[in-house]
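First the structure, in the form of structure tokens, and then the observations on it.
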Amino acid sequence: GENVEQHPSTLSVQEGDSAVIKCTYSDSASNYFPWYKQELGKRPQLIIDIRSNVGEKKDQRIAVTLNKTAKHFSLHITETQPEDSAVYFCAPKTSYDKVIFGPGTSLSVIP
Amino acid sequence: EADIYQTPRYLVIGTGKKITLECSQTMGHDKMYWYQQDPGMELHLIHYSYGVNSTEKGDLSSESTVSRIRTEHFPLTLESARPSHTSQYLCASSAIQGHNEQFFGPGTRLTVL
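Next comes the structure, spelled out in structure tokens:
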């Protein structure tokens, strides 16, 4: 079956530094690649997504890059702030129109 | 305002009880999902639906059932609650067309004694 992995599982950075989280998937026909953020005690929310015909997308301090050949996409957060502390989930959509959430990456931004 | 609603938000019950967790959405979405999640941990798909009278089992569907009689309503029923069911249950919905972003409800935190 389809497999989705995230690395690292936990990440601690100093405020102002950059953070990168990588998501690898197994279905080469996946065509939609979102990232969700879940703050403590809150519901997951989409923060950025990318489609298979685009290599990179930016939205202020966050960006997503896609490497379809290698079957991975990454979340990049620059100039991290304490409010970026959360669990981040990737959720690629497979060719069977099924969304599979990764196991999550816990990001801590140290002031 | 379009949103997803879950009731109750918190529930404490005894072992063996039958419970139904309610989920309603005013997003106009066809797809709906139920996930089980311990705090900060992985989201486990329990059930999903592509529309009225459509229900499918996810990876973690044992001992629970769902129904989809109306587009906006997707209740989850545990026939006999056990302490292992203690967790948070998140309902979500998405459109069939377009980007398929999932919108989540606030969750129901269930404790089975």
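Residue numbers (the working numbering), protein chains in the order written: chain Y, 21 to 131; chain S, -16 to 96. Here a beta-carbon is modelled for each residue, glycine too, at the ideal position from N, C-alpha and C.
- The residues Arg51, in chain order, have a CB closer than 7 angstroms to that of Ser37(S) in the same chain once the five nearest residues on each side in sequence are set aside.
- For Met24(S), the residues of chain Y that pass the 9 angstroms Cβ criterion are Val107, Pro123, Gly124, in the order they occur in the chain.
- Taking the beta carbon of Pro64(Y) as reference, the chain S residues within 7 angstroms of it are Phe87, listed in sequence order.
- For the 9 angstroms CB-CB criterion, Glu25(Y) and Pro123(Y) form a contact.
- Spanning the alpha carbons of His96(Y) and Tyr108(Y) requires a straight line of approximately 11 angstroms.
- The alpha-carbon of Tyr(-12)(S) is positioned some 13 angstroms away from that of His12(S).
- For Arg63(Y), there is no enclosing beta strand (DSSP E), since its DSSP letter is neither H nor E.
- The Cβ atoms of Thr91(S) and Leu(-6)(S) sit closer than 9 angstroms to each other.
- Residue pairing from DSSP leaves His68(S) without any beta-bridge partner.
- In this structure Cys6(S) is not in contact with Phe87(S), their Cβ atoms being roughly 10 angstroms apart against a cut-off of 8 angstroms.
- Under the DSSP definition of a beta bridge, Gly34(S) partners with Ser37(S).
- Pairwise C-beta distances place the region 63 to 72 of chain S out of contact with the region 36 to 48 of chain Y, as fewer than three of them are shorter than 8 angstroms.
- Asn36(S) does not reach chain Y, its nearest Cβ partner there being about 18 angstroms away, counting only Cβ pairs nearer than 9 angstroms.
- Nearest in C-alpha terms to Arg63(Y), of all of Ser32(S), Gln19(S), Ile29(S), is Gln19(S).
- In summary, Leu60(Y) is exposed, with fewer than 16 beta-carbon neighbours lying within 10 Å of its beta-carbon over all protein chains present.
- Taking 9 angstroms as the upper bound on Cβ-Cβ separation, chain Y lies near residues Leu73, Ala75, Ser77, Ile79, His82, Asn83, Glu84, Gln85, Phe86 of the region 62 to 86 of chain S.
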